[in-house]
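S.K.: Numbering (our numbering), first residue to last: 152 to 574.
Have a look at this one before I ask anything.
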Ligand code: IMP
Ligand code: MG
């Protein structure tokens with residue numbers, strides 16, 4: 152397939168980084184289309200572990216070109232730190248990374264406003280990376296874009312204008328000290344020198360690449376249930392991780408997208424606040440967290456853990472149009488005698504027809520479970536589908552049937568070799 156979108160199909164942290172790394176062997180270009188440094192995409196190669204926040208995970212394959220689309224919000228500090236870290240590990244970035252001139256910049260006041268609003272009453276449990284406030288300014292048509300870095304006069308004017316307004320907000324509403332405008336201008340004019348060489352007209356570049364027969368993998372961050380439109384609002388991120396976001400976030404039209412690859416974890420996790428019907432708050436949840444090392448790759452926060460929710464994934468498959476799917480962290484379930492799978496929700500004893508994204512409704516549903524026998528074996532050394540225990544194969548076929556998806560890729564550990572294709 153020449154142009155594919157890869158989407159997280161639950162609440163993020165499905166293992167997208169690892170699967171992008173595996174798949175990017177077969178793609179010429181990998182492009183991020185939304186989110187920012189709130190993402191944490193972990194890739195393990197040999198004894199090295201990389202956590203990428205902004206740069207597409209394809210950067211770890213030397214023949215792949217990486218692109219950051221207009222839908223992404225870019226924190227220049229995070230970007231430059233990431234470039235420096237890669238270069239320190241002898242991974243060439245220059246000439247392999249391009250950034251859309253239309254992507255918006257995260258400014259210091261975005262991070263500050265994120266943390267101030269999270270210290271108030273209406274918490275979301277954000278990553279504190281300034282994501283929400285940056286998208287607010289984008290949609291309020293006040294944002295500062297990458298292209299503005301190319302014109303020092305415009306950049307300075309825009310920063311002054313924005314900070315004037317933010318300082319009123321900080322002082323009058325939040326009783327916070329004002330920002331030092333000169334320092335921020337100096338800092339951002341500095342970025343101009345380093346970031347210039349990466350800036351590209353991304354829609355033009357990507358559409359030309361498709362014309363030339365190049366293949367493109369569009370890498371989503373977060374997950375479908377964190378989508379600002381289709382997720383569990385307001386406990387969502389401020390962008391569109393669903394496959395539709397790949398078009399608006401890059402300038403590749405829907406007619407040029409060939410397939411959608413969903414990534415699902417063999418159970419469910421969520422970081423931050425918001426309803427989670429299959430959450431386990433007992434020892435079993437604790438065990439999933441421990442065995443699965445379920446701690447945020449960006450913030451280190453413990454992730455909430457629970458059973459696989461097939462009803463949720465069925466909804467996700469519908470809104471994303473998933474054609475093929477990868478299941479990750481299947482090995483983590485290897486020490487459970489019995490494994491539960493949620494096959495639907497009930498409310499007041501009545502079956503619910505479609506997945507409720509409304510948080511009031513979602514927090515009062517009762518999950519309906521089917522219990523399956525565990526395999527009680529370490530499967531992390533399995534190198535093919537045929538090596539999997541019968542109970543594992545039965546589990547896979549049960550969840551895929553209930554969720555209405557087909558698994559093509561199976562992952563049983565963080566390493567490249569712990570991945571194989573389904574029969
Ligand atoms: P924000 O994206 O930092 O504004 O956070 C909003 C919500 O999305 C919070 O619940 C975060 O925990 C969650 N979130 C943001 N990025 C990720 C991610 O990469 N993985 C999982 N959850 C995330
Ligand atoms: Mg993550």
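Think of the CB as a built atom: it goes at the ideal place given N, C-alpha and C, for glycine as much as any other residue.
Hey, which unbroken runs of the alpha helix (DSSP H) at 4 residues or more fall wholly within the stretch 360 to 437?
M.R.: 396 to 399
S.K.: Kindly indicate the opening and closing residues of the beta strand (DSSP E) around residue 518.
M.R.: 517 to 524
S.K.: So, for residue 234: in the same chain, excluding its five sequence neighbours on each side, which residues have a beta-carbon less than 6 Å away from its beta-carbon?
M.R.: Only 244 meet the Cβ criterion.
S.K.: Taking C-beta to C-beta, are residue 285 and residue 257 nearer than 8 Å?
M.R.: yes
S.K.: Give the straight-line distance between the Cα atoms of residue 467 and residue 513, rounded to the nearest whole angstrom.
M.R.: 15 Å
S.K.: Does DSSP put residue 357 in a helix, in a strand, or in coil?
M.R.: helix
S.K.: For residue 413, is the beta carbon positioned less than 7 Å from some heavy atom of the ligand MG?
M.R.: no
S.K.: Considering only C-alpha positions, which residue in the set 210, 276, 524 and 477 is nearest to residue 416?
M.R.: 477
S.K.: Using three-state DSSP, classify residue 325 as helix, strand or coil.
M.R.: For residue 325, the secondary structure class from DSSP, reduced to helix, strand or coil, is coil.
S.K.: Count the other CB atoms within 10 Å of the CB of residue 546; is the residue buried (16 or more) or exposed (fewer)?
M.R.: It is buried - the Cβ of residue 546 has at least 16 other Cβ atoms within 10 Å.
S.K.: Does the ligand MG have a heavy atom nearer than 7 Å to the CB of residue 192?
M.R.: Because some heavy atom of the ligand MG lies under 7 Å away, the Cβ of residue 192 counts as near it: yes.
S.K.: For residue 303, name the three-state secondary structure that DSSP assigns.
M.R.: helix
S.K.: Quick one: grab the DSSP three-state call for residue 238.
M.R.: helix
S.K.: Span of the beta strand (DSSP E) holding residue 537?
M.R.: From DSSP, residue 537 is part of no beta strand (DSSP E); its letter is neither H nor E.
S.K.: Return yes when the C-beta of residue 164 is under 7 Å from any heavy atom of the ligand ZN, and no when it is not.
M.R.: Inclusion of the ligand ZN in the displayed structure is not the case, the ligand content consisting of the ligand IMP and the ligand MG alone.
S.K.: Identify every run of the alpha helix (DSSP H) within the stretch 259 to 301, keeping only runs that are complete inside it and at least 4 residues long; order them along the chain.
M.R.: 259 to 269 and 282 to 290
S.K.: When you compare the CB positions of residue 556 and residue 413, do they come within less than 8 Å of one another, or not?
M.R.: For residue 556 and residue 413, yes; Cβs fall inside 8 Å.
S.K.: Residue 543: buried (16+ other C-beta within 10 angstroms of its C-beta) or exposed?
M.R.: buried
S.K.: Is it true that the CB of residue 311 sits closer than 8 Å to the CB of residue 226?
M.R.: no
S.K.: Starting from residue 168, trace the alpha helix (DSSP H) both ways and give me its first and last residue.
M.R.: First-last of the alpha helix (DSSP H) with residue 168: 167 to 174.
S.K.: By the DSSP assignment, the alpha helix (DSSP H) with residue 487 in it spans what residues?
M.R.: DSSP places residue 487 outside any alpha helix (DSSP H), giving it a letter other than H or E.
S.K.: Determine the contact status of residue 389 and residue 480, defining contact as a CB-CB distance below 8 Å.
M.R.: no
S.K.: Rounded to the nearest angstrom, what separates residue 260 and residue 572 at their Cα positions?
M.R.: 46 Å
S.K.: Could you compute how far the alpha carbon of residue 265 sits from the alpha carbon of residue 384?
M.R.: 17 Å
S.K.: Taking the continuous alpha helix (DSSP H) assigned at residue 467, which residues delimit it?
M.R.: 461 to 471
S.K.: Leaving out five residues on either side along the sequence, give the residues of the same chain with a beta carbon under 6 Å from the beta carbon of residue 207.
M.R.: If we look at residue 207 and ignore the five residues flanking it on each side, its Cβ neighbours are 181, 183, 217 and 370.
S.K.: Helix, strand or coil for residue 219? Go by DSSP, reduced to three states.
M.R.: strand
S.K.: How is the alpha helix (DSSP H) around residue 513 delimited, first residue to last?
M.R.: Residue range 510 to 513 is occupied by the alpha helix (DSSP H) that includes residue 513.
S.K.: Taking 7 Å as the cut-off, does the CB of residue 201 come closer than this to any heavy atom belonging to the ligand IMP?
M.R.: no
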